[in-house]
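Colleague:
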Amino acid sequence: MPSLTVENYCKAIYQLGVGGDEPWITTGQVAEQLQLAPGTVTSMLKTLAESGLAEYRPYEGVRLTRSGRLLALRMLRRHRLLELFLVETLGLTWDEVHDEAEHMEHAVSDALADRIDEYLGRPDRDPHGDPIPRSDGTLRGQNQRGSPLCDCLPGRRVRIVRVLQQGAEFLRYLAESGVSIGAEAVVEDNNEQSGVVTLNLAGRSLSIGRPAASQVMIEPVPAPGGADSG
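The numbering of the sequence shown is the numbering used here, which starts it at 381 and goes up by one.
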C-alpha cells in the first residue's frame, strides 16, 4: 500500500498539472505546494520514479505515470466525497471541511468511499465546486469548469460554480460576502486600474479584488430566449 507521503505527492503533482499546457511539473512547484524543502522533494520524486508512479528528469521536473495519476484521482475522490459528506451530514461549513478531509482521506478505504458516494447520490461536485472522480478514475463532467470572475465583462449575469483557493480564511470571507456555489450575480464593473470587480449579489453591491476574483470560477446564465445576458 502507498504511504501517506506518496499519496500526498501524487495528489499534489496531479493538481499542479491540471489545466496546464506543460506536462512537466518543476521541483520548485511541488516544494511550494507541499511546503517542503526542494532537496526533500527531489529525493521523494526519485522514489516515485523508482516505484513506477512518476517520471522524473533532473532540471526538468516530474510527471505522473498512469499508475500515479490513478492513485492521485483515488485520493481526490476520497477527499472530495469526505468534504461533501461532512457538509451534508454533519453541517460543517465549506471553510471547515478541507483540513478534516485531508486527515481522513488516508484512512478511508475505496469500499467506504463507494458507500459514501452512493449515500450522497453519486454527486458531481464537492462543496467548493471541484469535480469528484468516479471509482474508475474518470471525471463526471469537465475537470476545468467555468472561467475566472476577473475576466468577466460588465453587464453579464453569472453563476458561481467553483472556488479554486480553498484556504479557510478566504472561504469565510466569501461566505460572509454572500458568495457560494450556485449563487447568481450581475457583474456591475470590472476595473483593471482599480483592481476591483463589483457584483450585484442578492440585491446588494459587493466589491472583490481582482486577485480574489481570479480564484472564483463562473459560468454565464442564459437570459430569456437563450442568449447570454449583457
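Don't be surprised by glycine CBs; every beta carbon is placed ideally from N, CA and C.
1. DSSP on G610, reduced to helix/strand/coil?
2. Suppose only complete runs of 3+ residues qualify. What are the beta strand (DSSP E) ranges in the stretch 406-478, listed by chain order?
3. Tell me the start and end of each unbroken beta strand (DSSP E) in the stretch 510-554 that is at least 3 residues and wholly inside, in chain order.
4. With 9 Å as the threshold, decide whether the Cβ of E476 is near any Cβ in chain B.
5. Run through DSSP, which three-state label would P600 get?
6. Can you find the residues in the same chain that come closer than 6 Å, C-beta to C-beta, to T385, ignoring five residues on each side of it along the sequence?
7. Does the Cβ-Cβ distance between L456 and P513 come in under 9 Å?
8. Report the three-state DSSP secondary structure of I588 (helix, strand or coil).
9. Short check: CB of R536 to CB of I561, under 9 Å?
10. As a quick exercise: from L551, G517, V467 and L544, pick the residue whose alpha carbon is nearest that of I598.
11. Could you check how far apart the C-beta atoms of V601 and V538 are, in whole angstroms? I think they sit under 8 Å.
12. Give me the residue from R460, E556 and R449 with the minimum Cα distance to V488.
13. Run the CB neighbour count on E556, radius 10 Å, all protein chains shown included, and call it buried at 16 or more, exposed below.
14. Rounded to a whole number of angstroms, what is the C-alpha to C-alpha distance between H483 and E468?
15. Considering Cα atoms alone, identify which of A603, Q395 and I496 is closest to E564.
Modeller: Straight from the coordinates:
1. Per-residue confidence for G610 stands at a pLDDT of 44, beneath the threshold of 50, marking its modelled position as unreliable; the derived number appears in the next sentence. Three-state result, G610: coil.
2. 434-437 and 441-444
3. 537-543
4. In summary, chain B is missing from the structure at hand, where a single protein chain is found.
5. strand
6. none
7. yes
8. strand
9. no
10. L544
11. 6 Å
12. R460
13. exposed
14. 18 Å
15. A603
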